[in-house]
Amino acid sequence: MKRTLAFIVVLCALVTACSPVPRRTAEDPVRVEAYQQRLRLLTGVADWEVEGRLAITDGREGGSGALIWVQSGEAVSMSFRGTLGRGSWRLSATARHAELQTADGQVYQASDVGDLVRLHAGWEVPVDALSWWVRGLAADEAWESRELDEFGRLTRLQQSGWEVEFSRYRETGIAQVPARIFARRGDYAVKLVIRDWRLGPDAE
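Remember, my numbering sits 148 above the position in the sequence shown when you count from 1.
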C-alpha cells in the first residue's frame with residue numbers, strides 16, 4: 149500500500165513537471181530588434197505632447213472629449229474638455245503628488261494619478277499604461293502577447309487584461325508613433341485619436 153501511494157505521488161509530480169507551460173509565440177528577431185530600437189529612442193525622450201480626442205464606454209454609457217497631455221520628465225499636465233465621466237477637468241502631477249481640478253472648481257489630491265482620475269474624473273483607465281501605449285510601447289515591457297509589423301511597430305498588444313490595437317503610425321522626426329489607439333477590457337473600451345504629436349524640445 150505504501151509503495152502504491154509513493155508511486156502515485158511520484159507520478160503526480162512527474163505529470164505536473166511535464167505539464168505544458170504557456171509560452172509567448174516565437175517572434176521574428178528582425179522585428180523584435182526594430183521594436184527595441186524604437187523603445188530606446190522613445191524612452192530616451194523626456195518631453196512629449198499629444199492633442200486628440202478621447203472616447204470611453206463601459207458598454208452602457210459613454211462619452212468623448214478633447215484631451216491635451218503634456219509630459220515633461222516625471223511631471224504630467226493633462227486637460228480634458230467634454231462630457232465624459234464627470235465632465236471637464238485639469239490635472240497636474242509629479243512622481244509623488246497629483247492634483248485634479250474639476251470644471252466647478254473642486255480640487256482633489258492624491259499620490260497616485262490613476263486613483264485620482266478613476267475616483268474624481270470617473271475614468272476606469274490605466275493612466276500609467278496609457279502613457280506607454282500612446283507612444284506605441286508596451287508598459288514596462290510587461291505583456292502577455294503582442295504583434296509587431298515589419299517595421300517593429302506594435303499593432304496589437306495584450307497587457308494586464310487589456311486588448312490594445314495601434315494604427316495610423318506617423319513620423320515625428322525621432323520615431324514613428326501611433327495616431328490611433330483602441331483598448332478594450334470586457335465591456336470597457338477606450339479610443340484615442342491623436343491629432344497632433346510633438347516629441348522632444350518642441351513639446352511644451
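Glycine included, every Cβ here is placed at the ideal spot set by N, Cα and C.
| task | Indicate the three-state DSSP secondary structure (helix, strand or coil) for Cys166 in the structure shown. | result | Within the sequence shown, the letter at position 18 stands for residue 166. Annotation note: pLDDT 46 at Cys166 (below 50); position unreliable, coordinate value reported separately. Note: Cys166 maps to helix in three-state DSSP.
| field | Neighbour-count burial assignment, Phe155, 16 or more Cβ in a 10 Å radius | value | Residue mapping note: residue 155 aligns to position 7 of the sequence shown, counting from 1. In this prediction, Phe155 has a pLDDT of 38, which is less than 50 and means its spatial position is unreliable; what the coordinates show is noted afterwards. The Cβ neighbour count for Phe155, taken over all protein chains shown within 10 Å, is under 16; the residue is labelled exposed.
| field | Boundaries (first-last residue) of the beta strand (DSSP E) holding Trp291 | value | By one-based count along the sequence shown, residue 291 stands at place 143. Following the DSSP letters along the chain, one finds Trp291 in no beta strand (DSSP E), marked with neither H nor E.
| said: Can you give me the C-alpha to C-alpha distance between Phe314 and Pro326, rounded to a whole angstrom? | reply: As a working mapping, residue 314 is identified with position 166 in the sequence shown. As a working mapping, residue 326 is identified with position 178 in the sequence shown. So the two alpha carbons sit approximately 6 Å from each other.
| Stretch pair the segment 298–309 + the segment 257–268: three plus CB contacts closer than 8 Å | The segment 298–309 and the segment 257–268 do not touch, with fewer than 3 CB-CB distances between them shorter than 8 Å.
| request: Could you check how far apart the C-beta atoms of Ile342 and Trp281 are, in whole angstroms? I think they sit under 8 Å. | output: Residue 342 sits at position 194 when you count from the first residue of the sequence shown. Residue 281 sits at position 133 when you count from the first residue of the sequence shown. That pair is no contact at about 11 Å.
| Under 7 Å between C-beta atoms of Ala241 and Val224 | Locating residue 241 in the sequence shown gives position 93, where the first residue counts as 1. Locating residue 224 in the sequence shown gives position 76, where the first residue counts as 1. Yes, Cβ-Cβ distance for Ala241 and Val224 is below 7 Å.
| task | Provide the residue span of the beta strand (DSSP E) that contains Arg346, from first to last. | result | The residue you call residue 346 lines up with position 198 of the sequence shown. Looking at the DSSP string, the run of the beta strand (DSSP E) that includes Arg346 is Tyr336 to Leu347.
| query | Does the Cβ-Cβ distance between Val261 and Ala243 come in under 7 Å? | reply | On the sequence shown, position 113 is the one that residue 261 refers to. On the sequence shown, position 95 is the one that residue 243 refers to. No. Outside cutoff.
| request: Determine the burial state of Val275: buried for a count of at least 16 other Cβ atoms within 10 Å of its Cβ, exposed for fewer. | output: As a position in the sequence shown, residue 275 is number 127, starting the count at 1. The residue in question, Val275, is buried, as its Cβ has 16 or more Cβ neighbours within 10 Å.
| request: To the nearest angstrom, report how far apart Ala251 and Glu181 are at their CA atoms. | output: Position 103 of the sequence shown holds residue 251. Position 33 of the sequence shown holds residue 181. CA-to-CA, the gap between Ala251 and Glu181 works out to about 45 Å.
| query | How about Ile204 and Gly210: do their beta carbons lie closer than 7 Å? | reply | Residue mapping note: residue 204 aligns to position 56 of the sequence shown, counting from 1. Residue mapping note: residue 210 aligns to position 62 of the sequence shown, counting from 1. Contact annotation: Ile204 and Gly210 have beta-carbon atoms nearer than 7 Å.
| request: Have a look at Gly284, Trp310 and Asp263 and flag the residue whose alpha-carbon is nearest the alpha-carbon of Glu319. | output: Mapped onto the sequence shown, residue 319 falls at position 171. For the options Gly284, Trp310 and Asp263, the alpha carbon positioned closest to that of Glu319 is the one of Gly284.
| message | Please return the same chain residues whose Cβ sits closer than 7 Å to the Cβ of Pro170, not counting the five positions on each side in sequence. | response | Mapped onto the sequence shown, residue 170 falls at position 22. Residue confidence is low: Pro170 scores 43 on pLDDT, short of 50, so the model does not pin down where it sits. Its coordinate-derived value is still stated next. Hits under 7 Å: none found.
| message | So, for Arg201: in the same chain, excluding its five sequence neighbours on each side, which residues have a beta-carbon less than 8 Å away from its beta-carbon? | response | Numbered from its first residue, the sequence shown carries residue 201 at position 53. Shown here for Arg201: same chain residues with a beta carbon closer than 8 Å to its own, the five before and five after excluded, namely Ser212, Gly213, Ala214, Leu215, Leu340, Val341 and Arg343 in chain order.
| query | Ordered along the chain, which non-local residues of its own chain (more than five positions away) have a Cβ less than 7 Å from that of Asp335? | reply | For the purposes of this step, residue 335 is taken as residue 187 along the sequence shown, with counting starting at 1. Contacts found: Asp206 and Gly207.
| said: I'd like to know whether the C-beta atoms of Ala290 and Ala277 end up nearer to each other than 7 Å. | reply: Indexing the sequence shown from 1 puts residue 290 at position 142. Indexing the sequence shown from 1 puts residue 277 at position 129. Taking 7 Å as the cut-off, the beta carbon of Ala290 is found no closer than this to the beta carbon of Ala277.
| Taking the Cβ atom as the reference point for each residue, do Arg238 and Ser220 lie within a distance shorter than 7 Å? | The residue given as residue 238 occupies position 90 in the sequence shown. The residue given as residue 220 occupies position 72 in the sequence shown. No, Cβ-Cβ distance for Arg238 and Ser220 is not below 7 Å.
| query | So who's on the other strand from Ile322, going by DSSP bridges? | reply | Here residue 322 is taken as the residue at index 174 of the sequence shown, counted from 1. None, per the DSSP bridge assignment.
| task | Identify which residue in Ala337, Arg333 and Gln324 has its Cα closest to the Cα of Thr191. | result | For this step, residue 191 is matched to residue 43 along the sequence shown. For the options Ala337, Arg333 and Gln324, the alpha carbon positioned closest to that of Thr191 is the one of Gln324.
| Which stretch, first to last residue, makes up the alpha helix (DSSP H) that contains Thr205? | If you number the sequence shown from 1, residue 205 lands on position 57. From DSSP, Thr205 is part of no alpha helix (DSSP H) but of the beta strand (DSSP E) over Asp195 to Thr205.
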